[in-house]
Amino acid sequence: MKEGFRQSMAWLHTWTGLIVGWVLFFVFVTGTAGYVTNEITRWMKPELPLPTTQKVVDMAATLDLALNRLQQVAPNAKEWSITLPQVNPNGRETRDFGISWEEMPQHRRDFGSTGRETLDPQTGAFKEEVEARVTGGGNALYRMHYALHYMPYMVAYYLIGICTMLMFLAILSGIITHKKIFTDFFTFRPGKGQRSWLDAHNVISVMALPFFLMITYSGLLFFSSTYMPTALYAIYGTSEEKIDTFYAELLSEEDEHKPYEAMTKPAVNLAGLVEQAQKEWGIPAASIHLQHPVGEPYYVDIERMRGVEVLYNRPPVLRFDGQTGASLPPEDKVHTTLKTNSVFLNLHEGRFADWWLRWLYLAASLLGCGMIGTGLVLWTVKRREKLVKAKAVSKLDAFGIRLVEVLNVATIIGLPIGIAAYFWANRLLPVGLGERADWEMHSLFAVWAWTFFYSLLRPIKRAWLELIYVAVAAFALIPLLNFITTDRHLGVTIPYGDWQLASVDLSMFGLAALFAYMAKKLNKRWLKAAQLDKAGLQADVTEKAAA
Numbered sequence: 085m086k087e088g089f090r091q092s093m094a095w096l097h098t099w100t101g102l103i104v105g106w107v108l109f110f111v112f113v114t115g116t117a118g119y120v121t122n123e124i125t126r127w128m129k130p131e132l133p134l135p136t137t138q139k140v141v142d143m144a145a146t147l148d149l150a151l152n153r154l155q156q157v158a159p160n161a162k163e164w165s166i167t168l169p170q171v172n173p174n175g176r177e178t179r180d181f182g183i184s185w186e187e188m189p190q191h192r193r194d195f196g197s198t199g200r201e202t203l204d205p206q207t208g209a210f211k212e213e214v215e216a217r218v219t220g221g222g223n224a225l226y227r228m229h230y231a232l233h234y235m236p237y238m239v240a241y242y243l244i245g246i247c248t249m250l251m252f253l254a255i256l257s258g259i260i261t262h263k264k265i266f267t268d269f270f271t272f273r274p275g276k277g278q279r280s281w282l283d284a285h286n287v288i289s290v291m292a293l294p295f296f297l298m299i300t301y302s303g304l305l306f307f308s309s310t311y312m313p314t315a316l317y318a319i320y321g322t323s324e325e326k327i328d329t330f331y332a333e334l335l336s337e338e339d340e341h342k343p344y345e346a347m348t349k350p351a352v353n354l355a356g357l358v359e360q361a362q363k364e365w366g367i368p369a370a371s372i373h374l375q376h377p378v379g380e381p382y383y384v385d386i387e388r389m390r391g392v393e394v395l396y397n398r399p400p401v402l403r404f405d406g407q408t409g410a411s412l413p414p415e416d417k418v419h420t421t422l423k424t425n426s427v428f429l430n431l432h433e434g435r436f437a438d439w440w441l442r443w444l445y446l447a448a449s450l451l452g453c454g455m456i457g458t459g460l461v462l463w464t465v466k467r468r469e470k471l472v473k474a475k476a477v478s479k480l481d482a483f484g485i486r487l488v489e490v491l492n493v494a495t496i497i498g499l500p501i502g503i504a505a506y507f508w509a510n511r512l513l514p515v516g517l518g519e520r521a522d523w524e525m526h527s528l529f530a531v532w533a534w535t536f537f538y539s540l541l542r543p544i545k546r547a548w549l550e551l552i553y554v555a556v557a558a559f560a561l562i563p564l565l566n567f568i569t570t571d572r573h574l575g576v577t578i579p580y581g582d583w584q585l586a587s588v589d590l591s592m593f594g595l596a597a598l599f600a601y602m603a604k605k606l607n608k609r610w611l612k613a614a615q616l617d618k619a620g621l622q623a624d625v626t627e628k629a630a631a
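In terms of the numbering used here, the sequence shown opens at residue 85 and continues consecutively.
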């Protein structure tokens, strides 16, 4: 290690970042969509009604309506459930009042048939659900950040795992390499070529460094048993039956074969139990589950809202006796391993985040895209300067840097254009098209592939600018397309006060403005460089003529 430890870490940082940089950029861009999954999905289903203000309801009367309806539609069910009309404390999800049930299982069956209905909390009347268009929504984008697309899940999991581990190494080696890491945070020198790209990379990297460490480490934990199954196989064995035993123990699964009494109305006041549970939690209850196993008490399980706190420090379900109202031992059979996993999942996905913290998550994730993008560009800038200074450039070197530059353009600009095409496809594809959600995704990848071939056929600087202009138009016109094709546009959502839905259209304008700013800066920079090159060439001609 003649160059020293820090110099070796610089080499490791450069090459681990470059080898998987394009995949990681894809992961960060699609993962960013995970923080606004609900909003994107709502935008992609314009048939859904605008949210109504939840009226204060008489909980006792509302629950009585639900029980009467359950007695009417499922008198001999194995289990009854009631979903309470609530707004999630983070303001992103409204729960409609409804009921569901599971019928008694048939002979040799573990589960019975199920049913569900949405009810009016004031009258108990059955409400027809609006049939929205078929779409992948925000979930399709989010799922790609760990499962990719067009490939088997296990292949994608291992590929993402390798890339995530290399990113973790890149982050750690980057911390070691930058001995003046805090000084770099306050240093940016525009218009200095390679130096400017390095400054931008450093500032962005340090700005959200804790987020990058958390998001990378937690991402590795979720599939730890997939990536490192040796301990599991050593203790339980490798057969499918043994693996099922492991998951049964981990999930504390109950015996589904035990007999149940047919459901009847409980003797206790459910509204009082809900109030008692909410007082203990300090957060709203989400649902009530009723069941009566033979020889056991009549169980009333009250489940709290999920995703409103980071730590798993309170039981998610409180259990009561449906005949006496007495508290029973909490139905908290969650294994410590799953509780730990829940904490990291909450941190990774920001499930607990209120609107302002969710915006911070979104900003940090976009900075991650910037960190990877500037790192990829920095490599090509440094390499090209070396090739310019070299007296002889091999065909292999020229091909290599050309390929990396094309991949950079097609990934950093082409992928966002593909995602814009995903939104366009949602509005332009026929509503009744078969496999419509798949065709939305096909549109994304088809446009993304087009940007690669376009970059391959154009001079690299022209490809950058022209595709950025395409990105500006693609995102800026999405709200206009929404206005033309639906009645859920800004002219409706802003006056109505539906900022969750309006934020999607407004964000499209924001992304268009960001790409327009990029085009302006690049165009100015390259125009200035061209003028300097022209002036230098004229000076050389004048000097030679004078000689």
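C-beta atoms are modelled at their ideal positions from N, C-alpha and C, and glycine is treated no differently.
Checking 9 Å against the spacing of the C-beta atoms, do residue i and residue j come in under that value?
i	j	result
Thr-198	Arg-179	no
Arg-153	Glu-201	yes
Thr-100	Ala-254	yes
Met-251	Val-104	yes
Leu-147	Val-358	yes
Tyr-119	Gly-434	yes
Ile-544	Arg-486	yes
Ala-596	Val-556	yes
Ala-521	Ala-505	no
Ala-161	Met-347	yes
Thr-408	Val-352	yes
Pro-130	Asp-582	no
Leu-551	Ile-501	yes
Val-287	His-262	no
Arg-217	Asn-492	no
Gly-459	His-285	yes
Quick check on residue i: buried or exposed, where buried means 16 or more other Cβ atoms within 10 Å of its Cβ?
i	result
Tyr-230	buried
Gln-190	exposed
Met-85	Any answer about Met-85 is weak, because its pLDDT of 45 lies below 50 and its placement is not dependable; what the coordinates show is given next. With fewer than 16 Cβ atoms within 10 Å of its Cβ, Met-85 is classed as exposed.
Asn-566	buried
Leu-621	Confidence in Leu-621 is poor, its pLDDT being 48 and thus under 50, which makes the residue's placement unreliable; the coordinate value appears in the next sentence. It is exposed - the Cβ of Leu-621 has fewer than 16 other Cβ atoms within 10 Å.
Tyr-382	buried
Tyr-445	buried
Arg-442	buried
Val-378	exposed
Val-625	Reliability of the predicted coordinates at Val-625 is poor, the pLDDT of 43 falling under 50, and no value is obtained from them.
Determine the direct distance from the alpha carbon of residue j to that of residue i, and round the result to whole angstroms.
i	j	result
Ile-299	Ser-92	25 Å
Leu-451	Ala-292	7 Å
Leu-96	Leu-304	20 Å
Asp-405	Asp-328	32 Å
Arg-542	Val-488	14 Å
Ala-629	Val-465	In this prediction, Ala-629 has a pLDDT of 45, which is less than 50 and means its spatial position is unreliable; what the coordinates show is noted afterwards. Roughly 34 Å between the two C-alpha positions.
Leu-590	Gln-584	10 Å
Ala-158	Met-389	26 Å
Gly-498	Val-113	12 Å
Cys-453	Gly-575	32 Å
Thr-125	Asn-223	7 Å
Glu-427	Asp-204	The displayed chain sequence assigns Val, not Glu, to residue 427. Between Val-427 and Asp-204, the C-alpha separation is close to 35 Å.
Pro-413	Leu-402	8 Å
Gly-374	Leu-354	In the sequence as displayed, the identity of residue 374 is Leu instead of Gly. Cα-Cα distance, rounded: 11 Å.
Leu-549	Glu-213	46 Å
Ala-361	Ala-369	7 Å
Ser-165	Glu-186	9 Å
His-419	Leu-429	15 Å
Leu-431	Ser-478	48 Å
Trp-534	Ala-547	12 Å
Pro-350	Val-141	21 Å
Using only alpha-carbon positions, find the residue among the options that is nearest to residue i.
i	options	result
Met-143	Ile-372, Val-120, Met-188, Ile-103	Ile-372
Met-188	Glu-345, Ile-544, Phe-181, Gln-155	Glu-345
Gly-258	Thr-207, Gly-208, Glu-380, Ile-456	Ile-456
Leu-316	Phe-112, Leu-334, Thr-116	Leu-334
Leu-149	Tyr-382, Phe-181, Pro-294	Phe-181
Thr-207	Ala-145, Arg-546, Trp-610	Ala-145
Gln-156	Ala-209, Val-394, Thr-136	Ala-209
Ser-308	Gly-409, Trp-440, Asn-425, His-573	Asn-425
Pro-400	Ile-367, Leu-540, Thr-408	Ile-367
Tyr-538	Gly-484, Met-525, Gly-518, Val-554	Val-554
Is residue i near the ligand PLP, with its Cβ less than 8 Å from a heavy atom?
i	result
Glu-345	The ligand content of the structure shown is nil, which means the ligand PLP is not present either.
Those runs of the alpha helix (DSSP H) which lie wholly inside the segment 324-362 and span at least 4 residues: 324-334
Could I get the ranges of all uninterrupted beta strand (DSSP E) runs contained in the segment 185-256, with 3 residues as the minimum, in chain order? 198-203
Every unbroken alpha helix (DSSP H) inside the segment 104-135 [4 residues or more]: 105-116, 121-127
Ranges of the alpha helix (DSSP H) found wholly within the segment 514-569, counting only runs of at least 4: 520-541, 544-560, 562-569
Give, in chain order, every unbroken run of the alpha helix (DSSP H) that is at least 4 residues long and sits entirely within the segment 284-326. 293-305, 308-311, 314-320
Ordered list of alpha helix (DSSP H) runs contained in the segment 139-169, each at least 4 residues: 143-157
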